Amino acid sequence: MPELPEVETIVRYLRPRICGRRILSMESDTPRIFRGSQRQQITNPKRIYEYTRHAVIGKKIKSVERFGKNIAFVLSSGNNLLIHLMMTGQILLNPDRKSPHDRMRIDLSGGVRLIFNDVRKFGRVRLAANPQDLVGPDPLKISLAEFRNRLRKKNGIIKSLLLNQNIISGIGNIYADEVLWFAGIRSLRRGRDLSSAELSRLYRACRRVLKNAINKEGTTMRNYRKPDDSEGGYYAVRKVYQRTGEKCSRDGAIIKRIVVGQRATHFCPKHQK
Ligand SMILES: [Zn+2]
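Take a look at the structure:
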């Protein structure tokens, strides 16, 4: 959390509101959230913070993009400022309250203030010249042929493969369960054992679930909020995630929960084979 639909919702919200604005200042009292860029090999968090600050102040935000679960501010310098929200990170625009968990404040031209808030401080901020190189292809942009190629020879179990950001980017624990429910595939199957028809079903399920979740503006359980502090609506319409003991809406079987790779996994024992 947050996953592709939540990050996409945030990016779509920010895009018309901050594109074309100049970064006037950046302040943080939590240097540990800053990570070194791809080129710079600095390790001291305070120095990374100062370096990042120096690189972004005075630059214009040309566009806001998403790479996997990263939000990218594309700067007029050609560099990108990347934010990964990890577990509890939030982006807020012009919030009317201050919080002790505000980790970074960016003031933009036109009186716009962007806050990165993170209770648990797992989120990270960094510069990246080529953010597309940091993660695997996007499930909404990849072709069916490439999707199949990336999964079919893999020995790992399909749920873990879907969560692996180097194979396909953007899917996390909630949507992996939802996708496998729609595709009718058991979470513990191995990538190499999936038939061509099953991989096609999985591909279509990814697109269907992620697009639907973007339409619903993501899933709010605890921390995820849109930058205007409102909630996403996918949780109410989810099919299987955290529905342990409830009836499957497809066939009435009771939804089960197991733990796969330390992640709670929910599935229908009847139609997911
Ligand atoms: Zn079912």
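For the sequence shown, position 193 matches number 246 in my numbering, and the numbering has no gaps at all. Glycine included, each C-beta is placed from N, C-alpha and C at the ideal position. Remember, predicted model here, so these are calculated numbers, not experimental data.
At least one heavy atom of ligand 1 lies closer than 7 Å to the C-beta of His324. Taking the Cβ of Arg303 as the reference point, at least one heavy atom of ligand 1 falls within a distance shorter than 7 Å.
The closest heavy atom of ligand 1 lies less than 7 Å from the beta carbon of Ala306. Taking 8 Å as the upper bound for CB-CB distance, Arg156 and Arg88 are not in contact here, some 13 Å apart. In the DSSP assignment, Thr318 falls within the beta strand (DSSP E) that extends over Arg316 to Phe320. Look at Cys259: its beta carbon is at least 7 Å from all of the heavy atoms in ligand 1. Minimum Cα-Cα distance from Pro322 among the listed residues Lys309, Arg119, Lys99 and Gln315 corresponds to Lys309. Apart from sequence neighbours up to five positions away, the residues of its chain that approach His154 with a beta-carbon distance below 7 Å are Asn170, Asp171 and Val172, ordered along the chain. Taking 8 Å as the upper bound for CB-CB distance, Val117 and Val64 are in contact here, some 5 Å apart. Contiguous beta strand (DSSP E) elements confined to the stretch 165-249 occur at 165-171 and 177-181, taking only those with 3 or more residues.
Ranked by Cα distance from Trp234, the options Gln218, Asn217 and Arg257 are led by Arg257. For the pair Gly244 and Leu216, the CB atoms are not nearer than the 8 Å cut-off. Pairing Arg74 with Leu214 gives a Cβ-Cβ distance that is not under 8 Å. Placement of the Cβ of Cys72 at a distance of 7 Å or more from every heavy atom of ligand 1 is found. Between Asp191 and Tyr294, the C-beta spacing is not below 8 Å. In this structure, the straight-line span from the alpha carbon of Asn132 to that of Thr105 is close to 11 Å. Between the beta-carbon of Arg177 and that of Ile168 there is about 16 Å, and that puts the pair past the 8 Å contact cut.
The shortest C-alpha to C-alpha distance from Tyr288 to any of Asp281, Ala181, Gly237 and Tyr277 is the one to Tyr277.
Counting only residues of its own chain and dropping the five nearest sequence neighbours on each side, Gly142 has a CB closer than 6 Å to the CB of Asp171 and Gly176. For Asn226, the number of other beta carbons within 10 angstroms of its own is at least 16, and it is reported as buried. The DSSP-derived three-state label of Val293 is coil. A direct Cα-to-Cα measurement between Ser283 and Ile267 gives close to 14 Å. Put simply, the backbone Cα of Asp304 is about 25 Å away from that of Ser249. According to DSSP, Ile308 shares a beta bridge with no other residue. Taking all protein chains shown into account, Gly271 has 16 or more neighbouring C-beta atoms within 10 Å of its C-beta and is therefore buried. The alpha carbon of Pro98 has as its nearest neighbour, out of Ser81, Lys113 and Val109, the alpha carbon of Ser81. Residue pairing for His137: DSSP places it in a beta bridge opposite Asn123 and Arg177.
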